[in-house]
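Q: Residues in the sequence shown are numbered from -1 upward in steps of one, following our numbering.
Idealized CB from N, CA, C, for every residue including glycine.
Dropping a structure here in structure tokens format, bear with me for questions.
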Amino acid sequence: MTETTILLKVLLKQRHLQGHRAFCREYDRAAKRVDPSLVGGYPSKAQFYRWISGELLGLPYADHCRILETMFPNWSAEQLFKPYLGGMDFIPEPASTPERVAPASVARAELAGLTAAYTSRSEFHHHMPPHKLFDGARSIRMVGLSLNLLCQQYPDRDLIDLIEGGTEVDCLFLDPAGEAIRRRGAEEGHPGDLLSTLTDVNIGALKRVALKLTPDATPRLRLHVYDETIRFNITIVDDALCVVQPYLSDGRGIESPTLVAERGETPGLYETFCQVFESLWSRSREVTA
């Protein structure tokens, strides 16, 4: 997937609002005029960068669209998320007759909250590296095999800063001493206990993170294991965004297609996979020191 320049990105750059923090301040100003109850409902950092990268399938939810149209009164939400082929240093004129397109709520309903899809996990990592996904998060919930995205690709120092700042982190690993991980290793064609060893290493890395936390912050990092047939790698950020990667029967995890879904006004894929996480967590056991 190649990055597309959309109109919203051009207009934000012209106003010097292309940074997430600056955008959120302007978003709240507009929200006060639209509906004061929407103040603080701005997109997370990861959501914002998906907006301006042109990776959304459809449009943001209706409240976001209302606020964006207040921020850019000459443009419809549909126009803001269309590709823009002009130069970044030129502010385009509003179209006199907006194209007729399906309302945001209708488009989202058809996609069940799906906002992006990638053919592989590696392609997803290219477009959404860990710092975009996790920086500034208030909660992170993950279930999978070894959880490399957090344990190997996100710096310990940044994770410690998040947790010390109040972020809740729940990590559910496939039990390195269980039967399910051995079956998965054989399925992927790995020699011996390779997957068990890798998972042990990652659990150990988060245990070391826990040792560096202050007493008040320590309870916010929770490590559990489960021993069931592995079907999905699920990452839930801020109770708003869900990244899902199925495990293929004859392929490594890095080859898995990846879906991104966001929480909406009606139940969709986000709620489905949150329920999967909660069900697995309820049957898991805590990792002890």
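Given the structure, does Arg48 come close to the ligand ZN, in the sense that its CB is under 7 Å from one of the ligand's heavy atoms?
A: The ligand ZN is absent from the structure shown, which contains no ligand whatsoever.
Q: State yes or no: is the C-beta of Ile4 within less than 8 Å of the C-beta of Pro127?
A: Their beta carbons are not under 8 Å apart, which means Ile4 does not touch Pro127 by this criterion.
Q: His62 bridges to which residues according to DSSP?
A: According to DSSP, which records beta bridges pairwise, His62 is partnered with nothing at all.
Q: Quick one: measure Cβ to Cβ for Phe70 and Leu15, integer angstroms, because I've assumed they're closer than 8 Å.
A: Contact flag wrong, Cβ pair sits at about 11 Å.
Q: Roughly how many angstroms lie between the CA atoms of Ser254 and Thr68, to the nearest whole one?
A: Rounded to whole angstroms, Ser254 to Thr68 spans 39 Å at the Cα level.
Q: Per DSSP, which one or two residues make a beta bridge with His14?
A: Answer is none; His14 lacks a bridge partner.
Q: Rounded to whole angstroms, what's the CA-CA distance from His18 to Ser282? Just pull it up for me.
A: Their Cα atoms are separated by approximately 36 Å.
Q: Could you tell me if Glu276 is buried or exposed, where buried requires 16 or more neighbouring beta carbons within 10 angstroms of its beta carbon?
A: With fewer than 16 Cβ atoms within 10 Å of its Cβ, Glu276 is classed as exposed.
Q: Please list, in chain order, all residues of the same chain as Cys149 whose beta carbon is under 7 Å from its beta carbon, the five residues on each side excluded.
A: Closer than 7 Å at the Cβ level, and outside the excluded window around Cys149, lie Asn200, Ala203, Leu204.
Q: Using 8 Å as the threshold, is the stretch 229 to 239 in touch with the stretch 134 to 144, meaning 3 or more CB pairs across them?
A: Verdict: yes, contact present.
Q: Just to confirm, is the Cβ distance from Trp279 to Asp173 under 8 Å?
A: Not closer than 8 Å, so no.
Q: Looking at the strands, I want to know which residues DSSP matches up with Val235.
A: Per DSSP, Ile138, Leu239.
Q: Once the 5 residues before and after Arg218 are set aside, which same chain residues still bring their CB inside 6 Å of it?
A: Taken in chain order, the residues that qualify are Ile161, Glu166.
Q: Is it the case that the Cβ atoms of Leu312 and Leu55 are separated by a distance below 8 Å?
A: The displayed coordinates of the chain run from -1 to 287. Any statement about residue 312 would go beyond what the structure contains.
Q: I'd like to confirm the pairing. Which residues does DSSP put opposite Leu221 in its beta bridges?
A: In the DSSP output, where bridge partners are listed per residue, Leu221 has Cys169.
Q: Consult DSSP for Ala208 and reduce its assignment to one of helix, strand or coil.
A: Helix.
Q: What do you reckon, are the CB atoms on Asp61 and Gly38 nearer than 8 Å?
A: Their beta carbons are not under 8 Å apart, which means Asp61 does not touch Gly38 by this criterion.
Q: Among Arg64, Asp156, Glu53, which one has its Cα closest to the Cα of Ala114?
A: Nearest of Arg64, Asp156, Glu53 to Ala114, Cα basis: Glu53.
Q: Taking Cys63 as the reference, which of Asp33, Leu83, Lys43, Ala44 has the closest Cα?
A: Here the closest residue by C-alpha is Asp33.
Q: May I have the straight-line CA-CA distance separating Leu131 from Glu177, to the nearest angstrom?
A: Each residue's Cα considered, the two are about 31 Å apart.
Q: So Phe171 and Phe230 are supposed to be a Cβ contact under 8 Å. How far apart are they, rounded?
A: Their Cβ separation, rounded to whole angstroms, is 14 Å, which puts Phe171 and Phe230 out of contact at 8 Å.
Q: Report the option in Glu76, Glu226, Arg182, Val258 whose CA atom is closest to the CA atom of Ser247.
A: Of the candidates Glu76, Glu226, Arg182, Val258, the one whose C-alpha sits nearest the C-alpha of Ser247 is Arg182.
Q: Nearest to Ser194 by alpha carbon, out of Pro244, Thr212, Tyr224?
A: Checked all of Pro244, Thr212, Tyr224; the closest Cα to Ser194 is Tyr224.
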